[in-house]
Every structure is written in structure tokens, then in C-alpha cells.
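Q:
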Amino acid sequence: MAMQNVEIPYGAYWSTPFAKWQGSLQYLHSMKFAAHVAKQELAKRNIDPTVFDSGVLGMTINQYQSFNGAPWPLHDLGATHTPGHAVNQVCATSARGLFAAASEVMSGMANVALFLAADRCSNGPHIVYPNPKGIGGAGESEDQVFYNMMNDPMGGHSMMQTGENVARRFDITREELDAVTLRRYEQYQEALKDDQAFQKRYMTLPLSVPTPNFQKEACVMTGDEGVFPTTAEGLAKLRPVQEGGVITFGNQTHPADGNAAAIVCSSDRAAELATDASIKVEVLGFGQARDDLAYMPAAPIEAARRALQNAGISIDQVDAIKTHNPFAVNDVAFAKALGVDVMQMNNYGCSLIWGHPQGPTGLRAMIEMIEELVLRGGGYGLFTGCAAGDTGMAVVLRVSDR
Numbered sequence: 001m002a003m004q005n006v007e008i009p010y011g012a013y014w015s016t017p018f019a020k021w022q023g024s025l026q027y028l029h030s031m032k033f034a035a036h037v038a039k040q041e042l043a044k045r046n047i048d049p050t051v052f053d054s055g056v057l058g059m060t061i062n063q064y065q066s067f068n069g070a071p072w073p074l075h076d077l078g079a080t081h082t083p084g085h086a087v088n089q090v091c092a093t094s095a096r097g098l099f100a101a102a103s104e105v106m107s108g109m110a111n112v113a114l115f116l117a118a119d120r121c122s123n124g125p126h127i128v129y130p131n132p133k134g135i136g137g138a139g140e141s142e143d144q145v146f147y148n149m150m151n152d153p154m155g156g157h158s159m160m161q162t163g164e165n166v167a168r169r170f171d172i173t174r175e176e177l178d179a180v181t182l183r184r185y186e187q188y189q190e191a192l193k194d195d196q197a198f199q200k201r202y203m204t205l206p207l208s209v210p211t212p213n214f215q216k217e218a219c220v221m222t223g224d225e226g227v228f229p230t231t232a233e234g235l236a237k238l239r240p241v242q243e244g245g246v247i248t249f250g251n252q253t254h255p256a257d258g259n260a261a262a263i264v265c266s267s268d269r270a271a272e273l274a275t276d277a278s279i280k281v282e283v284l285g286f287g288q289a290r291d292d293l294a295y296m297p298a299a300p301i302e303a304a305r306r307a308l309q310n311a312g313i314s315i316d317q318v319d320a321i322k323t324h325n326p327f328a329v330n331d332v333a334f335a336k337a338l339g340v341d342v343m344q345m346n347n348y349g350c351s352l353i354w355g356h357p358q359g360p361t362g363l364r365a366m367i368e369m370i371e372e373l374v375l376r377g378g379g380y381g382l383f384t385g386c387a388a389g390d391t392g393m394a395v396v397l398r399v400s401d402r
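Under the numbering used here, the first residue of the sequence shown carries the number 1, and numbering increases by one thereafter.
Structure below.
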């Protein structure tokens, strides 16, 4: 079923730069930082936070008192009477969160919703699960981030193994992966031209990073932190992480920290909330899928097909494609399956290059996709990405004149 009467007001969205694991954002509480940024961004746009009648928080990594979910950051940014809830689909959390907000608007449950996506991979929690009946009362424990990246609860495999499995399914070579990785780095350089003009369309730069108590300035970020200079020669020198494999530390992403947000509303409210009322950004359709056990990077393929079907368009009508690509494998497999040019996807950046803070990863990609479509003069955009549990979720948007 296609979405109807649901829009993202043009310019009513933002993203922080992303910081590498254990970098400049490592000490900031994800929810507090998301509220801190949102309060400033809303003020810049002269948007009163009391306008929101619903809020969605997309977050995957526990923070202190995150039990409270969306109402906490909503309160801190000034939406003190706005109800809300939290969603988590690991790496597909942004698509799931946008679906949640859009569904509330389409159903009439909300007119103007705020979707916040925030995560901090750094300093992930160590969780203890007590078991009084265990040996000596000992329970189980896990490092929420690292352990789950390395140990799938259903198959015991690592996420990297899923990438190797999909590479074998689609006969993907190391050379293909390195070529796509180099292309993604080159595309990201386009976003940095003219003093980061493209990124500044949606990102406040430089960004003043507060201290953990949000009372002073700790440092200033002038852009993404953790992007590695990439050359064909450098990629070729790297050894596969697994013996006999094709994935290296060069053709996969890195954990990161950051947040992003977007307003989602009914069509009759979009113009008043937009920074340019002449631009229309419609949410048209969603799709979800699950592939075989341990084939996570293939799931976005079927998710994309279903989103396109629900939106009522074909892949040939899509003008811009963005993916969450923790591995270059994702893009090569997707392009082979859908018959698109892998070198034309992910213009201006993607998670393979600027990092992967999980919750906000996809939302930043969708925001960049909107801006790319605006620069093109409009058109259809497709975002798709994978998530733990061999799942994927996709979104179709359309940019046009109002």
C-alpha cells in the first residue's frame, strides 16, 4: 500500500557529523545529545517544539535511563507534552522509525511528528543478566555492541561472515569491492567541495561539541571524524579479514557516534514548516524483507523491490539510490540483482565512508538523498539497507515542485 498525505517538510531535518568510535562524541549521552542538537536546529528554523503531537526515537544501544524512551529527549527539547515511543531495528532503525512516524500521520493519529535517531557505539554498555539459580548465582553478561557484532544469536556467526556469504552467492570479487569502495570515497569528496557546501545544506558546521554535562564546549568538529584517505594502491595492500575471503578493513564501514532527525507531517502542514515551501518531499512507500540465515547484506534487495511495488514505480524510474552499506558487498549485490549501475549509487556519501552509528545511519542517507534530488530538479529516491537478523528495509521518496 502506498503512503498518502505524508511529507517531510523540505529542510526540516538535520544530522550531526559522525565521529569515529572512541572519538569526539564518545562521552555524550545519545538521548541528551540528540535533544541538545534538536533544540538548536528547531530554533534556527523558528519551529516551536510544542507543534509536535507525536515523537519517535530510533536508538539501538542502551544509555543510562534509556528505559524512558522518547519522552525524555522530547521533554529536553521543549516538547514537554508530546507523547512518543522508541523503535529499534538495529541498522534499519532509521527506515523503521520513519515508517512509524509516517504511519501515525497517515492514520490521523498525528499531524506533525518528530523523528529523532541517535546512537553511540563508543563505550557501549556491559550488561549483566542475573540468574539466582545459576552456578553460585552467576548470570550471563554481554558487551552490547561488540559481542553482538561478532555473535549472531541464531547462527553464532559474525556480521562479517554474512558479507562473505553474500559475496559467494553473487560471485563478487575482491577487485569489484575495492573498485566500489574507491568510487564511494570519490563520491564523498564531492560533498566536501566548496567548503563542504553539500553537507552544509543539512548539517551545522562547524559543530560545537558540549561537555558531558552540556555546560561548556569540549571541542569543535569541522566534519566527519574517522574517514580514511582511500587509494586503489592502499586498498590492494590490505589482507582479507578472513582467510580466503574478499572483505578487508578497507571495504567495510567503521562504528561511529552521532544523531539525525526529521519532521514528518501531513501535506497540509508541510509548507509552513519547510525552509523552502516551493519544494515538496513526499513519503511514498516502504518495504521490508528477511533473507536466509547469515545472508544479511542480501536482504535490502527484496526490501527495495517491495518498497518500489508499494510506491507504484519501477527501478527504472528511480533518480537517486542511497544504501546503508556496512560492506561494499551490499552495493555490488544490489546492483547485480536490480540491474543498476553500482558506480552511480550513493552520490555525496554513504555509511561505508562516513561511518555507522546504527540508529541515525539511514536517516542521514535519506536526508542526503533528498538534497541530491533537489539539486537534480526533483525525482524519485530509493533508500535501502540491511540490519542484524538478516533483515532489510527500504523507503521510496519523491521530490517535486509544490
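The beta carbon of each residue, even a glycine, is placed where N, CA and C say it ideally should be.
Tell me the DSSP secondary structure of T50 in three-state form.
A: Counted from its first residue, the sequence shown places residue 50 at position 50. T50 falls in the helix class under three-state DSSP.
Q: Check the C-beta distance from L116 over to A38 and give it rounded, since I have them as a contact under 8 angstroms.
A: Counted from its first residue, the sequence shown places residue 116 at position 116. Counted from its first residue, the sequence shown places residue 38 at position 38. 6 angstroms between Cβ atoms; contact.
Q: Quick check on this structure: which residue in S15, L114, R305 has the alpha carbon closest to the alpha carbon of D53?
A: Residue numbering aside, residue 53 sits at position 53 when the sequence shown is read from its first letter. With distances taken between Cα atoms, D53 lies closest to L114.
Q: Answer with buried or exposed for Q4, where buried requires no fewer than 16 other C-beta atoms within 10 angstroms of its C-beta.
A: On the sequence shown, residue 4 is found 4 positions in, with the first residue counted as 1. Around the CB of Q4, fewer than 16 other CB atoms lie within 10 Å, so the residue is classed as exposed.
Q: Specify the secondary structure class of N165 as computed by DSSP and reduced to three states.
A: In the sequence shown, residue 165 corresponds to position 165, counting from 1. Helix, per DSSP.
Q: Take the Cβ of K280 as the centre, count every other Cβ of all protein chains shown within 10 Å, and call the residue buried at 16 or more, exposed below.
A: Within the sequence shown, residue 280 is the residue found at index 280, counting from 1. K280 is buried by the Cβ-count criterion.
Q: Excluding five sequence neighbours on each side, which residues of the same chain lie with their C-beta closer than 6 angstroms to the C-beta of L25?
A: In the sequence shown, the residue the question calls residue 25 occupies position 25. Excluding residues within five positions, the ones whose Cβ falls inside 6 angstroms are A19, D257.
Q: Excluding five sequence neighbours on each side, which residues of the same chain lie with their C-beta closer than 8 angstroms to the C-beta of S477?
A: No statement about residue 477 is possible, as the shown extent of the chain runs from 1 to 402 and does not include it.
Q: Does DSSP put G55 in a helix, in a strand, or in coil?
A: Position 55 of the sequence shown, counting from 1, holds the residue named residue 55. Strand, per DSSP.
Q: State the beta-bridge partners of I353 as determined by DSSP.
A: In the sequence shown, residue 353 corresponds to position 353, counting from 1. DSSP lists no partner for I353.
Q: Keeping to the same chain, check which residues put their C-beta closer than 8 angstroms to that of V246; ignore five residues upstream and five downstream.
A: Numbered from its first residue, the sequence shown carries residue 246 at position 246. So the qualifying residues of the chain are E164, A167, I172, T173, R174, L177, P240, V329.
Q: From this set, Q196, C219, V180, which residue's C-alpha is nearest T230's C-alpha?
A: Taking the first residue of the sequence shown as position 1, residue 230 is located at position 230. Cα-wise, what sits closest to T230 is V180.
Q: If you draw a straight line from the alpha carbon of C265 to that of V283, how long is it in whole angstroms?
A: By one-based count along the sequence shown, residue 265 stands at place 265. By one-based count along the sequence shown, residue 283 stands at place 283. Straight-line Cα distance between these residues: approximately 10 angstroms.
Q: Tell me whether the beta-carbon of G287 lies closer than 8 angstroms to the beta-carbon of T93.
A: The count along the sequence shown starts at 1 and reaches residue 287 at position 287. The count along the sequence shown starts at 1 and reaches residue 93 at position 93. Not in contact: G287 and T93 (Cβ atoms no closer than 8 angstroms).
Q: Please identify the residue among G381, S400, T361 whose C-alpha is closest to the C-alpha of S15.
A: In the sequence shown, counting from the first residue as 1, residue 15 sits at position 15. Answer by Cα proximity: T361.
Q: Going by DSSP, what residue range makes up the beta strand (DSSP E) through F115?
A: Counting from one through the sequence shown, the residue named residue 115 turns up at place 115. Here the beta strand (DSSP E) through F115 covers 112-120.
Q: Return the chain-ordered ranges of every beta strand (DSSP E) run that is complete within the segment 208-237 and spans a minimum of 3 residues.
A: 217-221
Q: Among F228, L57, I61, whose alpha-carbon lies nearest the alpha-carbon of W72?
A: Taking the first residue of the sequence shown as 1, we reach residue 72 at position 72. With distances taken between Cα atoms, W72 lies closest to L57.
Q: Could you have a look at H157 and say whether DSSP puts it in helix, strand or coil?
A: Residue mapping note: residue 157 aligns to position 157 of the sequence shown, counting from 1. It is coil, neither helix nor strand.
Q: In chain order, what residues of the same chain lie with their CB nearer than 6 angstroms to the CB of G55, ignoring the 5 residues before and after it?
A: One-based indexing of the sequence shown puts residue 55 at position 55. A70, L74, T82, G84, L114.
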